[in-house]
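Trainee: If you scroll down you'll find the structure; I have some questions about it.
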Amino acid sequence: MYAICNLSIVPLRAETSDSSEMVTQVLFGEAFEILNKTEKWSFIRLLNDQYEGWIDNKQYKEISKDQFESLKNSNKIFNADLIEYITNSKNLLTIPLGSELTFLSHNDINSDQFNFEGQATTGIQPRTNLLKTAFMYLNAPYLWGGKTPFGIDCSGFTQMVYRLNGYMIPRDASQQAKIGEPLSFIEESEVGDLAFFDNEEGNIIHVGIIMEDNYIIHAHGKVRIDRLDHLGILNIDNGRHTHKLRVIKKII
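The numbering of the sequence shown is the numbering used here, which starts it at 1141 and goes up by one.
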């Protein structure tokens, strides 16, 4: 079975409970495969990043396998503004930055005849556009599992910035750290490269986007800008290191 998210922002949970941990969010227009279905919950795998979790059965619309494959093979289109509106003759639905609009041109899937008149983005964008996108999330509050300007975590932030510029990367920081080309020194990095940070056990626990002049933008309490040096992230407010640098990766 297959489905598409027809609501603005839906939690994807670790277990079949409304109080369970939110592992990520499913944004409007995202398609997924239903791997298992109970009376109230469905265990799904997202099309864009293969992430898995449980979603409430009331929070999606089923589609056929052919429709799913059609979306899979279509050029991705995303909402490019902080918040926009999807409308039809009966409803107005607010959608956040990064919502997927690909299905709107598929009349068989868009049976509700939703229309979108806002700003959209599609295809590979210039590397220089990465920071412009990142700044749209500036000051967004930190939210474990979040993927929107209303709440986002560190890897959700980097994933969405890359996704809006046409690059599909994994969801979690530990997964993102496994792709790309490692760099030996900060001086070798370019704007848009990803810096990864580990804990005392050596596990990757944080990621941010490198800026010019040894600055980094990342989600820590909120999406913020701090300094980056060979030790890690130096908080510009209190002058303390908050994260230990493990590796820098060139993803594109």
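We put the beta carbon where it would ideally sit given N, CA and C, even for glycine.
1) Report back the beta-carbon spacing between I1344 and R1386 to the nearest angstrom; my notes put them in contact at under 8 Å.
2) Can you list, in chain order, the stretches of the alpha helix (DSSP H) that have 4 or more residues and sit fully within the region 1150-1229?
3) Can you give, in chain order, each stretch of the alpha helix (DSSP H) that sits fully within the region 1262-1331 and has at least 4 residues?
4) Hey, C1294 and G1379: beta-carbon distance below 8 Å or not?
5) So, using beta-carbon positions, are M1141 and I1174 closer together than 8 Å?
6) Return the CA-CA distance between A1335 and R1267, expressed in angstroms with no decimal places.
7) Per DSSP, H1360 is paired with what?
8) Per the DSSP calculation, G1348 is bridged to which residue(s)?
9) Quick check on L1244: does DSSP put it in helix, strand or coil?
10) Within its chain, find whatever has a CB closer than 7 Å to the CB of T1273; leave out the 5 residues flanking it on each side and keep chain order.
11) Quick check: the region 1247-1258 against the region 1200-1213, are there 3 or more CB pairs under 8 Å?
12) Could you check whether Q1259 and D1312 sit closer than 8 Å to each other, using their CB atoms as the reference points?
13) Between the alpha carbons of L1323 and E1330, how many angstroms are there, rounded?
14) DSSP has G1342 in a bridge; who is on the other side?
15) By DSSP's criteria, T1234 is part of a beta bridge. Which residues make up the other side?
16) Verify whether the separation of the beta carbon atoms of I1144 and F1243 is less than 8 Å.
Mentor: In terms of the structure at hand:
1) Right, their Cβ atoms sit about 6 Å apart.
2) 1205-1212, all fully within the region 1150-1229.
3) Within the region 1262-1331, the complete alpha helix (DSSP H) runs of at least 4 residues are 1269-1275, 1294-1303, 1313-1316.
4) Not closer than 8 Å, so no.
5) I1174 is positioned such that its CB atom lies closer than 8 Å to that of M1141.
6) The straight-line gap separating the alpha-carbon atoms of A1335 and R1267 is approximately 16 Å.
7) As a beta-bridge residue in DSSP terms, H1360 pairs with K1362.
8) Bridge partners of G1348: A1335, H1358.
9) In the three-state reduction of the DSSP assignment, L1244 falls in the helix class, which pools H, G and I.
10) Cβ neighbours of T1273 beyond the five flanking positions: V1301, L1304, N1305.
11) The region 1247-1258 and the region 1200-1213 touch, with no fewer than 3 CB-CB distances between them shorter than 8 Å.
12) No.
13) One C-alpha to the other measures close to 10 Å.
14) Its beta-bridge partners do not exist; DSSP assigns none.
15) Paired residue(s): Y1225.
16) Result yes, Cβ atoms of I1144 and F1243 sit closer than 8 Å.
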